[in-house]
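Below you'll find the structure, written out as structure tokens, and then a few comments.
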């Protein structure tokens, strides 16, 4: 059965009628088993060679998987990080980096049950070393051993259905918009070594909060409260991760706002529907529409300096200071 990053337990539960959000709580206790070692991110921050190896491997993975969906390189890079955190790469042997990248892509393709030819992938990735099938298989076995054969990786995508269920959205299109923007942030976050220390659930929660702040500013306080008071979330780590993710969320924010605020109807579709989901009071609806119109005007005025603002608002929003977050 094809591995689904949003539901890594799908193999175990495919014969049962469970929704992914119903099985997600079972992921929280075991997500640490799918992380790089504790000191890995610290090594990357202090060692230029390790950072260079990771950067080169990621670049090769993106080349090798350019004809596939973005979940494939994401999965392959998680394998790389977990492998590098336990196995060193010898200096002065660039062919090892290419073999590692190729083998991780090959394993990810097998997990995704995608038909492929290793020969075609190698040539698509550019010139240089060409490896035979047996060499790649031996490297795959080395990677499998280092990862303890835990190939159904738990990633931030595994939690994208769970946290929005806490928001009690009534309109599926709004949930899809929120998840789509959060997914964009998660893909970009994989490049940042500072975020490797955080668990997948914390990364997912932070990405969703950043997306909610962009798309549904009126509802953001309630979203923030729902996630920060969740019993599975470490509030201090959530706060730190959100701050680290600010620049990542900022990248591309202007294009998002262009689409959302290009017309009054576009903003009304998102915010009025979201407001309707949380209130049935006509006065509140009226106030909500007025607030939305104000938001539209503000967006247009502030668009020119949007790159100078921190959009997630966690650092300067006093209501999100750690001391004021309600304890679980």
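In our numbering, the protein residues as written are 9 to 336. Ideal Cβ positions, reconstructed from N, Cα and C, are used throughout, including at glycine. All figures in this text were calculated on a predicted structure; none of them were measured in a lab.
{"Check": "Reduced DSSP category for residue 128 - H, G, I as helix; E, B as strand; rest coil", "Outcome": "helix"}
{"Check": "Integer Cβ distance of residue 112 from residue 151, believed to fall under 8 Å", "Outcome": "7 Å"}
{"Check": "DSSP state of residue 178 mapped onto helix, strand, coil", "Outcome": "coil"}
{"Check": "Alpha-carbon to alpha-carbon, residue 33 and residue 59", "Outcome": "34 Å"}
{"Check": "Where residue 136 falls: helix, strand or coil (DSSP)", "Outcome": "coil"}
{"Check": "Cα-Cα separation, residue 82 to residue 199", "Outcome": "10 Å"}
{"Check": "Chain-order list of residues whose beta-carbon lies under 6 Å from that of residue 51 (same chain, five-residue window excluded)", "Outcome": "58"}
{"Check": "Meets three-Cβ-pair contact criterion under 8 Å: the stretch 184–198 and the stretch 67–87", "Outcome": "yes"}
{"Check": "Exposed unless 16 or more other CB atoms sit within 10 angstroms - verdict on residue 65", "Outcome": "buried"}
{"Check": "Residue 221 to residue 192 span [Cα, whole Å]", "Outcome": "14 Å"}
{"Check": "Cβ-Cβ distance between residue 159 and residue 115 below 8 Å", "Outcome": "yes"}
{"Check": "Identity of the residue in 227, 242 and 204 nearest residue 62 by Cα", "Outcome": "204"}
{"Check": "Residue 58, enclosing alpha helix (DSSP H) - first and last residue", "Outcome": "56–72"}
{"Check": "Range of the contiguous alpha helix (DSSP H) that encloses residue 118", "Outcome": "102–119"}
{"Check": "DSSP three-state assignment for residue 88, whether helix, strand or coil", "Outcome": "helix"}
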